[in-house]
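To start, the structure under review is shown below, and the notes come after it.
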Ligand code: PFF
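Numbering (our numbering), first residue to last: 50 to 503.
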């Protein structure tokens, strides 16, 4: 393989730097906050089974395609999707896919920062022992009070977005890589502590049954769309974040094995989060389908009951905020890199503009929990609309187009060489997936949930 093109933004220091950054992007609120609550809302085991199938059959092949596009283009997604089609004799319309990703990135970042703000808010609450010995009703009331206070939400949303911008404008390599290396394993250990707590004090067997006994009658057409969207969201696919990271990847690094490793770590962390949350939910008689507040209520209650809970709880929300930060910076990367390339702006200016725009949009989401809660379209408030539209529609659509581009537009000689799979059979399997199965599956799920069939 030749390094025919270089990124103006630089290259990762090593293969591990890429894996840490991409895993940092993948592991975040999607695993710890969103996964348990969408599983709870969609009935448990059957949803998880579909989610796992989406990761394996759609997520991993699309991740390979997305990294590959990034590494071939070596520019921001918008410019990569202008250069590559031109080089391979395709029409120019593919650039829209780059823009779609930048817009999806704004939408996701806007509400992501609000929820990450809740996590930051819980750090001082935990540290001061707010939940020690508290009843479930008190813990629930506490969370609801937080949501009713727009100024407090604004404060934490601002702190989180500010931190994100600060890291992006300094460049990713300095400090962040080192911090990720220490903090991600720590988060993993703390999740294990919570799973251990659930085993001893919670309804662990009931939780296992809830998570791993599929009951397909609990599943609607909508649930499949949500599972697929969650797979894209959790793996950071479909909006160009992983493409941007792939553009800084050395051509010697193996795309398939990196993708497998990232997807496996991401999935394990999501399942652990479920195993930490559901034993407490079921033992305390809480509702698994209670929505976005699920982990804030259940885990806070759990920490309040266990020895050294204030300490563990403080650490947990600190680490979750950090995991959110490593994801948020990747959400800013496609737009920031684009502004640096096309406007010639310095990185700090580009990062500040992107963060400010997402911050403004995020205010709409935080008001949806209080002052604007009465304003709904199709039964969804502003935050739910932004989350649904970006996660369940735009990310799978982005993934669909990336799969089509990698499968049909790029010549086999190029994709074969880039992926460098160990056997021709594996390459053929990938090609069949991105050419036929992934597009068909995504279209069927879209059509089905739009009520066009079935
Ligand atoms: N994967 C992140 C999470 O699970 O929290 C969220 C995310 C990051 C989604 C980057 C999309 C993205 F491009």
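Virtual Cβ for every residue (Gly too), placed ideally from N, Cα, C.
Keep in mind that this is a model prediction, so the values were computed, not measured.
Bridge-paired residues (DSSP) for residue i
i: residue 430; result: 425
Cβ neighbours of residue i in the same chain (closer than 6 Å, five flanking residues each side left out)
i: residue 57; result: none
i: residue 196; result: 418
i: residue 163; result: 206, 411, 414, 415
i: residue 369; result: 81, 168
i: residue 365; result: 239
i: residue 324; result: 244
i: residue 274; result: 441, 494, 498
i: residue 151; result: 383, 384
i: residue 479; result: 110
i: residue 259; result: 93, 327
i: residue 251; result: 328, 329, 332
Element boundaries [alpha helix (DSSP H), containing residue i]
i: residue 363; result: 358-392
i: residue 116; result: 109-122
i: residue 128; result: 126-136
i: residue 60; result: Premise fails: residue 60 is in no alpha helix (DSSP H) and is neither H nor E.
i: residue 354; result: 343-354
i: residue 412; result: 396-416
i: residue 450; result: 444-453
i: residue 194; result: 185-196
i: residue 440; result: Where residue 440 is concerned, there is no enclosing alpha helix (DSSP H), given that its DSSP letter is neither H nor E.
i: residue 167; result: 144-176
i: residue 71; result: 64-75
i: residue 95; result: 94-103
i: residue 85; result: 84-90
Chain-order list of residues whose beta-carbon lies under 8 Å from that of residue i (same chain, five-residue window excluded)
i: residue 50; result: Because the pLDDT of residue 50 is 42, which lies under 50, any placement of that residue in the model is unreliable, and the question is left without a value.
i: residue 416; result: 199, 431
i: residue 230; result: 69
i: residue 138; result: none
i: residue 352; result: 175, 180, 358, 359, 361, 362, 365
Nonlocal neighbours in the same chain, by C-beta distance under 7 Å from residue i, ignoring five residues either side
i: residue 144; result: 127, 130, 131
i: residue 444; result: 153, 278, 281, 282, 286, 287, 288
i: residue 125; result: 293, 383, 386, 387, 390
i: residue 160; result: 411, 414, 432, 435, 436
i: residue 114; result: 451, 452, 455, 483
i: residue 178; result: 359
i: residue 476; result: 465, 468, 470
i: residue 342; result: 192
i: residue 439; result: 153, 156, 157
i: residue 55; result: 123
i: residue 400; result: 214, 217, 218, 381, 385
i: residue 338; result: 89, 90
Cβ-heavy atom distance, residue i to the ligand MG, below 7 Å
i: residue 80; result: Looking for the ligand MG in the displayed structure turns up nothing; the ligands present are the ligand PFF.
Quiz item: If you scan the region 280-327 from start to end, which runs of the alpha helix (DSSP H) of 4 or more residues do you find wholly inside it?
Solution: Complete alpha helix (DSSP H) runs here, min 4: 290-295.
Self-check item: Segments assigned alpha helix (DSSP H), at least 4 residues, entirely inside the region 210-272
Solution: Within the region 210-272, the complete alpha helix (DSSP H) runs of at least 4 residues fall at 225-250, 253-261.
Practice problem: Could you tell me whether the region 248-255 touches the region 67-83, using the rule of 3 or more Cβ pairs below 8 Å? | Solution: With the rule of 3 Cβ pairs closer than 8 Å, the region 248-255 does not count as touching the region 67-83.
Practice problem: Spell out a yes or no on whether the region 454-462 and the region 289-302 are touching, meaning 3 or more CB-CB pairs, one atom from each, closer than 8 Å. | Solution: Below 8 Å, too few C-beta pairs join the region 454-462 and the region 289-302 to call them touching: fewer than three.
Practice problem: Decide yes or no for the touch test of the region 269-281 against the region 341-357: beta carbon pairs closer than 8 Å, at least 3 of them. | Solution: Counting Cβ pairs under 8 Å, fewer than three are found: no touch.
Quiz item: Would the region 81-94 and the region 313-327 be scored as touching if the rule is three or more Cβ pairs under 8 Å?
Solution: The region 81-94 is in contact with the region 313-327.
Quiz item: Can you find at least 3 beta carbon pairs, one from the region 349-365 and one from the region 235-250, that sit closer than 8 Å?
Solution: The region 349-365 vs the region 235-250: in contact.
Practice problem: Would you mind listing the alpha helix (DSSP H) stretches within the region 457-501 that are 4+ residues and don't spill past its ends, in chain order? | Solution: As for any alpha helix (DSSP H) of minimum length 4 sitting wholly inside the region 457-501, the runs are 461-468, 473-481, 487-498, ordered along the chain.
Quiz prompt | Contact the region 176-191 vs the region 433-446: 3+ CB pairs below 8 Å | solution = Contact fails: fewer than three Cβ-Cβ distances are below 8 Å.
Exercise. Inspect the CB distances between the region 146-164 and the region 320-340 and report whether three or more fall short of 8 Å.
Key: Because the criterion of three Cβ pairs below 8 Å is not met, the region 146-164 and the region 320-340 do not touch.
Quiz item: Taking one C-beta from the region 108-118 and one from the region 303-316 each time, how about it: are there three or more such pairs within less than 8 Å?
Solution: With the cut-off at 8 Å, the region 108-118 and the region 303-316 touch.
Practice problem: Evaluate the contact criterion for the region 403-410 versus the region 188-195: three or more CB pairs, one atom per stretch, below 8 Å. | Solution: The region 403-410 is not in contact with the region 188-195.
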